[in-house]
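To keep things clear, I will list the structure first and then write my remarks on it.
There are 2 protein chains.
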Amino acid sequence: MIKNYMEIVVDILLPKVLIHHPNICTCQNCMDDVKALALNHMQPLYVRTKRGEAFNKVKSLSKQFEADVLKELTTAVTIVSSNPKHDEE
Amino acid sequence: MIKNYMEIVVDILLPKVLIHHPNICTCQNCMDDVKALALNHMQPLYVRTKRGEAFNKVKSLSKQFEADVLKELTTAVTIVSSNPKHDEE
């Protein structure tokens with residue numbers, strides 16, 4: 001099985017961004033839109049799940065890597081919260 | 001739920017590439033390595049699964065889009081088959 005590790009990093013870091021945006025809609029659709037928007041603007045990091053685990057844990061801890069992801073997530077939160085599409089199927 | 005539609009496109013098109021490479025190892029690890037390598041070299045296309053379906057079916061049919069994916073898959077098959085890592089966990 002393969003997995004894009006950026007999905008896991010985004011799941012880990014999104015709460016850190018939401019703390020700074022207390023008034024936005026956090027429904028499932030809006031959160032999915034934020035993650036999709038952010039992931040589409042980041043280099044994918046697909047690995048075979050087993051082999052990737054160690055390498056990616058180290059990578060996901062580097063400050064610059066985290067800062068880059070936080071920046072993309074903050075941009076995505078700003079875009080989605082200013083124009084929520086949570087009623088669209 | 002979100003999904004990178006490129007994963008589906010790769011699954012659809014990989015058999016078309018394998019036909020032209022009859023002698024390579026097609027074990028699960030090698031096929032996962034091919035898909036991961038190809039996906040890491042392509043723009044992700046994350047969507048909220050429901051909304052994305054129509055748009056992406058159309059997109060995945062465009063000849064240029066298909067040609068680009070086939071090219072990345074062929075490169076990945078060549079790289080993985082020349083140096084299989086299927087014994088690595």
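If you read the sequences in order, they're chains A and B. Sequential numbering of the first sequence, starting at 1, is according to UniProt numbering. Sequential numbering of the second sequence, starting at 1, is according to UniProt numbering. Note that beta-carbon positions come from the ideal geometry of N, C-alpha and C, so glycine has one too.
Name the DSSP beta bridge partners of B/Y46, please? B/N4
So A/I79 is in the alpha helix (DSSP H); what residue range does that whole segment cover? 63 to 82
Note the first and the last residue of the continuous alpha helix (DSSP H) segment covering A/C30. 28 to 39
Interface partners of A/A76 on chain B, CB under 9 Å: For A/A76, there are no C-beta contacts with chain B under 9 Å, since the nearest C-beta of that chain is about 11 Å from it.
Using a Cβ-Cβ distance under 9 Å, would A/I79 count as near chain B? Not an interface residue.
Close beta carbons around B/C30, own chain, < 6 Å, minus the five adjacent residues each side: V80, P84, H86
Touch check for the segment 67 to 77 of chain B and the segment 29 to 44 of chain B: three-plus C-beta pairs under 8 Å? Enough Cβ pairs lie closer than 8 Å, so yes.
For B/P22, name the three-state secondary structure that DSSP assigns. Looking at B/P22 - three-state DSSP - the assignment turns out to be coil, as it is neither helix nor strand.
Would you mind sorting B/K16 into buried or exposed? The rule is 16 or more other CB atoms within 10 Å of its CB. Residue environment for B/K16: exposed (fewer than 16 other C-beta atoms within 10 angstroms of its C-beta).
Does any CB atom of chain A fall closer than 9 Å to the CB of B/I2? yes
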